[in-house]
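Under UniProt numbering, the residues of the sequence shown are numbered 1 to 783, in order. The beta carbon of each residue, even a glycine, is placed where N, CA and C say it ideally should be.
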Amino acid sequence: MKKQGDTSLGKKSNKNKSSRSNPEGISRMKKDNMKLKHSPSKTFQKSVVKKTKAFQKQGSMELSTITEQRSSLRKKAELTQKVGSANSSLNETPETLSQISSIMPSEEYTVLSPSYKQTLSKSQMDATWELAVDKARGQPDGAEGSFSKKTPKPAIKQTLAPDKKKTLVKEKENTKAKKKNVAAKYIKDPLNKAVNKMKALKSKEAPEKNQGAKLKRKFDEPLPDETTVPKKAKLTFKEKKKERKMMKDNYDLIHSAKFIWEELRKLNLPQERREELCKSLFDKVQGKVKELAVVHDSARIIQCLVKYGVPENRAVVLEELKDHIVELCKSKYAKFIIRKLLKYGTKQQRTQIIKAFHGHVRKLVRHKEASDIVEFAYNDFANAHQRLGLLEEFYGPTFVLFKTPSIASLDDFLKEQPDKKDMIMSNLKGTLLPLIDKYILTYSLVHKIFYDFFKHADVAQQKDVIEALRESIVHMLHTRDGVRTAMCCIWHGSAKDRKLMIKSLKGHVAKICREETGHMLLLAIFDAVDDTVLVQKVILDELLKNLAEVVQDTHGRKVLLYLLMHRHPVHFCPDVISILQQGDGNSTSKKDAALRARELRDHISRPLLAYLEGNVQKLITNSSTSLLVLAIITHASGDVTNAMDAIAKVVVESADPTKTANPSGESVINVSEDTAGHLVLKKLILNDKERLQQGKSGLFSVILLNAARDATFKSWAASNRGCFILVSLFETEIPEVTEMLQTWLDSLKKHLKKMTFKGAEILLQKLEGKQSHGMTSRKEISL
């Protein structure tokens, strides 16, 4: 029994296997059959239930409607099965998969919602699909592809009569129409209602949006009342700005304080009224100074209160800000309040502010906004002790730890404790390198630190700092310590360092010449740099292009005088000479100093002589430029005869009483009577002795007498200063000059005897060969 059962089971399984399997393996037909296992009715029900749940969440369908739809779907499934059985009885069910694929989808099961219709395939919408699949499962997999035998067409299509065929077609059409009516009644209409209800709910929640041409409203059609949004009027720029200000804190306070500030800042305001306004303003801002100090508008109000308020007002302002001084110095607007407190505050208040900087100086100096305040406090208000307190942070902890009250500078500290020098120099070097910045290098506090380093550092330490600083020295030339630092870089730098430093001055030479301290760097360059060609191209050529500006400036003339006369004690004081002598004997300069000076002097001599020839009247009658005229004639290289001729011509023409104006319309000044002019003439005449001894060509006294006329001598003899010019000509003791004077003045002796001034008396004695007893020195003659 057991074996028979086993055998029957095995046979049954073999039979099923033989009826379903394909000897060629899993074919494409089998894959298609696996996909078609589920009945279209069940799939359709799941889809509708899923859509119904979505509509239920939106509040658009009730539970009763869903129940009706489910019952209608069951009825529809039963009707579909009946139709399928009728078709099978007529042998119209397709037997092959090629015939299955040709089955048209039935329109009676089409989904009403457009979005839901797209999710269903044609196979799911065919009511006879399941029956066709069941029929096809009886054949082996891949039967159509594996066998060449074609399936015969159903015989009914050939044997049915035409009348019976028409009847069957009409029955099919009636069945389809009934199914459509059922679907429309139980599915399509409820779904359409739910969709419309959902759209209505959405339109109430949010304003209607443009979603294509169908939903777009007409342009002139007004929106419903519940969706209309009031349009905001367009505001001007000022109105928008006012709205932004009103959103800030303390707007009302600032707005009311501005009216007081507008009147308080007037310069011609009576003192009584000013005091009233200050009191009113102080009452408004008291307790909120810190908040108002960082705002652009209100910061100006606090500044005005500090400037015009009473000392008690400043004390209260400082009391509110004392814990935030370092922070406020970094503010773009609040830093000016600290500046006003330094300027108008008491000595104790300034000390309190400067003490607040301690421990933060290195950071503040490197800050763009705060560095101005630290420099202002250091340069204008700090005493020696306070300055040292600001600088000691750069010297390092060793200096702070071992300094004594008697120490007032780094020099004093190193004299007392020279063994700490290396440690302090290393700390100082580390703090200097971050300060090499275009903006930071403009402050005198930084210049002091650099100069202290160069005074005490050794050659190796200086070399590293020079390499970092060599292209930035142009920013340090406006202070004494800064220019001394730049001079040390020139003296102790290599040839390459000097070349880069000189090139960095390009475009700034004319300005540097006119600076009180900056021109000292040019003098150091003239003394130390061996590459005179580079100096001529970069510095001297630019200087000569701006020669008119340089000549009219006091410090610019010193640069020209240094090139012409080189450390002459008449023009340079001993302190300046001692500073310049510190660079003598440096290890980089190899060329002879005299040769270097002559090469530079030769380069500028011709342009200076040409400038003198064209501007004699202006230069010789100006007391500040008259000495430069004398230096050019005396020390310029080359032939100076043309310049002497120009001077003599101007002197002779100015002595002519018939000429009161030159061709350009300027009034002619008598050079012999001018304060500066007659001194230059006397010195030029007396300088002929030295020129004669040196064997130089061209004597000014000879050129002057050759240009003079009878009217010139009469004009000189008629004035006291003119007579002293003639006396100077006699004192040259040049035979040619004295003989010519004797000839011209013999006819004027009678007139000279009538004159009562001192010059005529001395000149008459020279003519008669007598020495005046009252004249004991040249000082009495040179009035």
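The continuous alpha helix (DSSP H) containing residue 653 extends over residues 641-654. The alpha-carbon separation between residue 250 and residue 513 amounts to approximately 52 Å. Shown here, residue 638 sits in coil according to DSSP, grouped into three states, outside any helix or strand. Distance from the CA atom of residue 296 to the CA atom of residue 303, rounded to whole angstroms, is 11 Å.
In the three-state reduction of the DSSP assignment, residue 470 falls in the coil class, being assigned neither a helical nor a strand state. Residue 680 has its alpha-carbon roughly 42 Å from the corresponding atom of residue 472.
Of the candidates 510, 522, 482, 458, 458 places its Cα closest to the Cα of residue 492. Remark: fewer than three beta-carbon pairs, one from each stretch, lie closer than 8 Å, so the segment 313-326 and the segment 263-276 are not flagged as touching. The three-state secondary structure of residue 344, taken from DSSP, is helix. The closest CA to that of residue 609, considering only 593, 235, 630, 373, is found on 630. In its chain, beyond the 5 residues on either side, no residue has a beta carbon closer than 6 Å to the beta carbon of residue 495.
If the five residues before and after residue 397 are omitted, its C-beta is found closer than 8 Å to the C-beta atoms of 427, all from its own chain and listed in chain order. Cβ contact annotation for residue 563 (same chain, cutoff 7 Å, sequence separation greater than five): 526, 600, 601, 604, in chain order. Exclusion of the five residues before and after residue 640 leaves 609, 633, 698 as the residues of its chain whose Cβ lies within less than 7 Å of its Cβ. When DSSP states are grouped into helix, strand and coil, residue 431 belongs to the helix group. With fewer than 16 other CB atoms across the displayed protein chains lying within 10 angstroms of its CB, residue 460 is exposed.
With contacts defined by Cβ atoms closer than 7 Å, residue 436 and residue 469 form a contacting pair. In the DSSP assignment, residue 366 falls outside any alpha helix (DSSP H) and carries neither an H nor an E. By the Cβ-count criterion, residue 748 is buried, with 16 or more other Cβ atoms from all chains shown falling within 10 Å of its own Cβ. Just measuring C-alpha positions, the residue of 474, 647, 257 sitting nearest residue 298 is 257. Straight across, the Cα-Cα distance linking residue 712 with residue 673 is about 12 Å. In this model, residue 678 and residue 637 are separated by some 25 Å (Cα to Cα). Scanning its chain for C-beta atoms nearer than 7 Å, with the 5 sequence neighbours on each side dropped, one finds around residue 260 the residues 277, 280, 281, in chain order.
For residue 385, the number of other beta carbons within 10 angstroms of its own is below 16, and it is reported as exposed. When secondary structure is reduced to three states using DSSP, residue 697 falls in the coil class, being assigned neither helix nor strand. Contact check between the segment 587-600 and the segment 521-538: three or more CB pairs, one atom from each, fall below 8 Å, which counts as touching. Residue 509 sits away from residue 544, with the two beta carbons spaced by 7 Å or more. Across the set 290, 668, 475, the C-alpha of 290 shows the shortest separation from the C-alpha of residue 333. Residue ranges of uninterrupted alpha helix (DSSP H) with 4 or more members, entirely inside the segment 571-621 and ordered along the chain, are 574-581, 593-614, 616-620. In the three-state DSSP reduction, residue 705 falls in the helix class (H, G or I). Positions of the alpha helix (DSSP H) runs, each at least 4 residues long and wholly inside the segment 364-430, are given as 370-376, 384-395, 397-402, 410-416 in order along the chain.
Here DSSP, grouped into helix, strand and coil, assigns residue 517 to coil. Residue 251: member of the alpha helix (DSSP H) spanning 251-264, first to last residue. Under the three-state reduction of DSSP, residue 485 is assigned to helix. For residue 497 against residue 589, the beta-carbon gap comes to about 13 Å, at or over 8 Å, which does not count as contact. Counting of Cβ neighbours within 10 angstroms places residue 756 among the exposed residues, the total staying below 16.
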